[in-house]
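> Mind looking over this structure? Questions follow.
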Ligand SMILES: Nc1nc2c(c(=O)[nH]1)N[C@H]1C(S)=C(S)[C@@H](COP(=O)(O)OP(=O)(O)OC[C@H]3O[C@@H](n4cnc5c(=O)[nH]c(N)nc54)[C@H](O)[C@@H]3O)O[C@H]1N2
Ligand SMILES: Nc1nc2c(c(=O)[nH]1)N[C@H]1C(S)=C(S)[C@@H](COP(=O)(O)OP(=O)(O)OC[C@H]3O[C@@H](n4cnc5c(=O)[nH]c(N)nc54)[C@H](O)[C@@H]3O)O[C@H]1N2
Ligand code: SF4
Ligand SMILES: [Mo]
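Spelled out as structure tokens, the structure:
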């Protein structure tokens, strides 16, 4: 007998789709987007439409494993859960006795967006242990810091509001690839007459379908934003009433952007002067206008300031006043969940140090006092995703490092583990979800049984806590108790949203008032005085060290800017076990001018290198990138790349200007054709 069960996609994607599974004889036979869901609209992206292949893959991990080969070699033997957990608690006790609990470092990121699995029992456990804390900077922290500086709170407009817009700018946002459920709203807006512009160094799928693709030099967005401000002010295309009522610092800003003439901005950004002038004119004139800013801009050295400046634009034009106007970077803060009840920072025995996840190589090879003696990884694959991969792998190879990896698949990171613990997928455990691209709270109950002995993160950390002798009620709370805690913030957006209702309805819109959410229509910014901060301090454009206008010594040896944006048909390294992902990520897009000067043609093997690493990819001379830029979709498993390193071996550990984020998209390389 067939039945349907609900779930939610937990992948690190703004869309957080509602799912419906068809179950026949206990097995899922079909996965679909929830029909009628206001955002999901019944369809799924290509990767999750095939998720049942992953769910039922013979490569799923099903028992705890103990390493029997060298670190990284990937030889393991099955052991019991009891033995695995006892080994961990024994080792933790001895590390704590010899080096203190801060010698233990948890490492997690976006494997699951579920609050229980990724921010729940794990956080409580490591807090109570007194372990080092992890600064989770690998994705969004520069953009978060930039947005907070301007808006004081991370609110954005509804995806549903985009249909009302007359000008949509996708700025460092590859919507068709990374946020596909926004696309139908853009299609509808265009049907109603909207213009759609993409600002991206790469001609992405999204850019190739836009009315206009503005090709910008990587890392120069701050200069473009300042240049647009200059023109908006100079042309009188600013909303003085809105600025006076709802912002601070705009007159100083107007003063300071005067030097960002179209001529200067064209030199920084590579965008022709006339295009800059036309863009400013269109943005100043069209109402409503919306900027869909995604995280592409802020993965570069000046990315925080760039986001800060871009977020000022809709304040200057007063775009926030209109339905379909304003900006969307992230909608996540609108959920106003009770994170303290969830994570329980008060369980910490005292102040503990924080280590930056984007500097994992350094944390494992240089940090002392105490050194990291144990790395506990879950919901992440740092051997593939973290910058300066050679340093990360050097750290992971340390014989004295006790590494535990909780995984669904045998990733590179798992190959370096002393113990691997098999874990559930989002179809197999209970969790509650917010989103960073819409405003619906969702709940998922287990729709399928876990394979073999796989256990959820919540189960694993609860068991570890009990075995460590932690007696606080925090560790015996059920999943339902934890969800009630999350919903207990008392914030008006969550009023009336209960576990019982979520069980019944699966997806509930936040209480954002009647109609579409207009967070800053009448001001109401997150700063103490309710105003947006437009003061210009710190907004001067300085090109990234690793860029075409950056450090001259570096440029002379490594003249090409290397980008590694998201692959269309995978999710960071999550689907790295698939051979088609190997093919997709083997490509290096090269501009025809750069290819000609190096004797490179499409299909050639090329060596991409800098002082950190060298790897071989396959050239595609296809108009995707402009002169001086090369690009390769991220990310494959390093062990599946000849040489055992992926493109993150090329990327430095250098951090962003604000937010201490990773600078994946500020990276200089040289490319040469491989010898025959
Ligand atoms: N298919 C797929 N979807 C995903 C993911 C995935 O791996 N694959 N990953 C998920 C995750 S973790 C995240 S954070 C989101 C991210 O979603 P996005 O931010 O949309 O993804 P990115 O590819 O990092 O960057 C977007 C675009 O920014 C461009 N870009 C790079 N440097 C610059 C620059 O200096 N200036 C400008 N203007 N543009 C620049 C890139 O070429 C890219 O096209 O996507 C999520 N969704
Ligand atoms: N060059 C380059 N590097 C990048 C990026 C880039 O654009 N270019 N993007 C960066 C960004 S934006 C991000 S967010 C990071 C992403 O880095 P990560 O968050 O490490 O993401 P994934 O590579 O998808 O790995 C997630 C892992 O979690 C596992 N997992 C899934 N669900 C669960 C669960 O419930 N429990 C446990 N224990 N494990 C689970 C999956 O099997 C998978 O192996 O990568 C960053 N690295
Ligand atoms: S990855 Fe994104 S678009 Fe695809 S199903 Fe999950 S939430 Fe939806
Ligand atoms: Mo991310």
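Numbering (our numbering), first residue to last: 2 to 677.
C-beta: ideal position from N, C-alpha, C; glycine also.
#1: Going by DSSP, what residues sit across from residue 510 in a beta bridge?
#2: Taking the beta strand (DSSP E) that residue 357 belongs to, which residues open and close that run?
#3: What residues in its chain sit with their C-beta under 7 Å from that of residue 70, if we drop five residues either side in the sequence?
#4: For ligand 3, enumerate in chain order all residues having a CB closer than 5 Å to any of its heavy atoms.
#5: Jot down the residue ranges of each uninterrupted beta strand (DSSP E) in the region 148–211, minimum 3 residues, whole runs only, in chain order.
#6: Rounded to whole angstroms, what is the Cα-Cα separation between residue 486 and residue 116?
#7: Return yes when the C-beta of residue 567 is under 7 Å from any heavy atom of ligand 2, and no when it is not.
#8: Which of the three DSSP states is assigned to residue 483 in this structure?
#9: Do you know offhand how far residue 61's Cα is from residue 436's?
#10: Of all the options 44, 238, 472, 381, which has the alpha carbon lying nearest to the alpha carbon of residue 140?
#11: Going by Cα to Cα distance, which pick from 440, 383, 255, 321 is closest to residue 535?
#12: Hey, could you find the ends of the alpha helix (DSSP H) residue 13 is sitting in?
#13: What are the residues that DSSP puts in a beta bridge with residue 522?
#14: Cα-Cα, which of 614, 152, 668 is closest to residue 644?
#15: On a Cα-Cα basis, can you pick out the residue from 279, 315, 178, 263 that is closest to residue 244?
#16: I need the straight-line Cα distance from residue 443 to residue 636, nearest angstrom please.
#17: What's the gap between the Cα of residue 358 and the Cα of residue 134?
#18: Pick from 12, 16, 57, 395: whose alpha carbon is nearest that of residue 31?
#19: For residue 375, which of helix, strand or coil comes out of DSSP?
#20: Measure the C-alpha to C-alpha separation of residue 593 and residue 600 and round it to an integer number of angstroms.
#21: Straight-line CA distance for residue 209 to residue 455?
#22: What residues are listed by DSSP as bridge partners for residue 567?
#23: Ignore the nearest five residues each way along the sequence and tell me which others in residue 278's own chain have a CB closer than 8 Å to its CB.
#24: Rounded to whole angstroms, how far is the Cβ of residue 609 from the Cβ of residue 616, which I believe are closer than 8 Å?
#25: Measure how close the beta-carbons of residue 424 and residue 409 come, nearest whole angstrom, since I'm counting them as under 8 Å.
#26: Taking 6 Å as the limit between beta carbons, can you name the residues of its chain near residue 469, skipping five residues before and five after?
#27: Grab me the residues of residue 259's own chain with a C-beta within less than 7 Å of its C-beta, minus the 5 sequence neighbours each way, in chain order.
#28: So does residue 272 have its beta carbon nearer than 7 Å to some heavy atom of ligand 2?
#29: Cβ-heavy atom distance between residue 101 and ligand 4 below 7 Å?
#30: Can at least three beta-carbon pairs, one atom from the region 98–108 and one from the region 368–379, be found at a separation below 8 Å?
#31: Considering only heavy atoms of ligand 1, does any lie closer than 7 Å to the CB of residue 572?
#32: How about the region 524–543 and the region 646–655: do they share at least three Cβ pairs that are nearer than 8 Å?
Reading off the structure:
#1: Numbered from 1 along the chain shown, position 509 holds the residue referred to as residue 510. Answer by DSSP bridge pairing, in chain order: 441.
#2: Looking up residue 357 in the chain shown gives position 356. Element bounds for residue 357: 355–357.
#3: For this step, residue 70 is matched to residue 69 along the chain shown. Only 76 meet the Cβ criterion.
#4: 10, 12, 14, 16, 18, 45, 46, 49
#5: 168–172, 196–200
#6: Locating residue 486 in the chain shown gives position 485, where the first residue counts as 1. Locating residue 116 in the chain shown gives position 115, where the first residue counts as 1. Rounded to whole angstroms, residue 486 to residue 116 spans 11 Å at the Cα level.
#7: Sequence index remark: in the chain shown, residue 567 carries index 566 (1-based). Indeed, a heavy atom of ligand 2 lies less than 7 Å from the Cβ.
#8: The residue given as residue 483 occupies position 482 in the chain shown. Residue 483: helix per DSSP, three-state reduction.
#9: Counting from one through the chain shown, the residue named residue 61 turns up at place 60. Counting from one through the chain shown, the residue named residue 436 turns up at place 435. Distance between the alpha carbons of residue 61 and residue 436: 27 Å.
#10: Here residue 140 is taken as the residue at index 139 of the chain shown, counted from 1. Nearest C-alpha to residue 140: 381.
#11: Along the chain shown, one-based indexing puts residue 535 at 534. Closest option to residue 535, Cα to Cα, is 255.
#12: Numbered from its first residue, the chain shown carries residue 13 at position 12. Run containing residue 13: none; DSSP gives neither H nor E here.
#13: By 1-based counting over the chain shown, the position of residue 522 is 521. Paired residues: none, contrary to the question.
#14: Counting from one through the chain shown, the residue named residue 644 turns up at place 643. Here the closest residue by C-alpha is 614.
#15: Looking up residue 244 in the chain shown gives position 243. Checked all of 279, 315, 178, 263; the closest Cα to residue 244 is 315.
#16: Along the chain shown, read from residue 1 onward, the residue named residue 443 stands at position 442. Along the chain shown, read from residue 1 onward, the residue named residue 636 stands at position 635. Residue 443 and residue 636: Cα-Cα distance of roughly 29 Å.
#17: The residue labelled residue 358 in the question sits at position 357 within the chain shown. The residue labelled residue 134 in the question sits at position 133 within the chain shown. C-alpha separation (whole angstroms): 10 Å.
#18: As a first step, residue 31 is located in the chain shown; it is residue number 30 there, counting from the start. Per the Cα distances, 57.
#19: Within the chain shown, residue 375 is the residue found at index 374, counting from 1. In this structure, residue 375 counts as strand in the three-state DSSP scheme.
#20: Taking the chain shown and counting its residues from 1, one reaches residue 593 at position 592. Taking the chain shown and counting its residues from 1, one reaches residue 600 at position 599. Their backbone Cα atoms lie some 10 Å apart in a straight line.
#21: Position 208 of the chain shown, counted from the start, is the residue given in the question as residue 209. Position 454 of the chain shown, counted from the start, is the residue given in the question as residue 455. Rounded to the nearest angstrom, the two C-alpha atoms are 43 Å apart.
#22: Locating residue 567 in the chain shown gives position 566, where the first residue counts as 1. Answer is 635.
#23: Counted from its first residue, the chain shown places residue 278 at position 277. Correct list, in chain order: 232, 263.
#24: Indexing the chain shown from 1 puts residue 609 at position 608. Indexing the chain shown from 1 puts residue 616 at position 615. Contact flag correct, Cβ pair sits at about 6 Å.
#25: Against the chain shown, residue 424 aligns to sequence position 423. Against the chain shown, residue 409 aligns to sequence position 408. The Cβ separation is near 6 Å, so the contact holds.
#26: By 1-based counting over the chain shown, the position of residue 469 is 468. Closer than 6 Å at Cβ, skipping near neighbours: 90.
#27: To locate residue 259, count along the chain shown from 1; it is residue 258. So the qualifying residues of the chain are 231.
#28: The residue labelled residue 272 in the question sits at position 271 within the chain shown. Result no, Cβ not under 7 Å from ligand 2.
#29: Here residue 101 corresponds to residue number 100 of the chain shown, with the count starting at 1. The answer is no for residue 101.
#30: yes
#31: Counting from 1 along the chain shown, the entry for residue 572 is found at position 571. Indeed, a heavy atom of ligand 1 lies less than 7 Å from the Cβ.
#32: no
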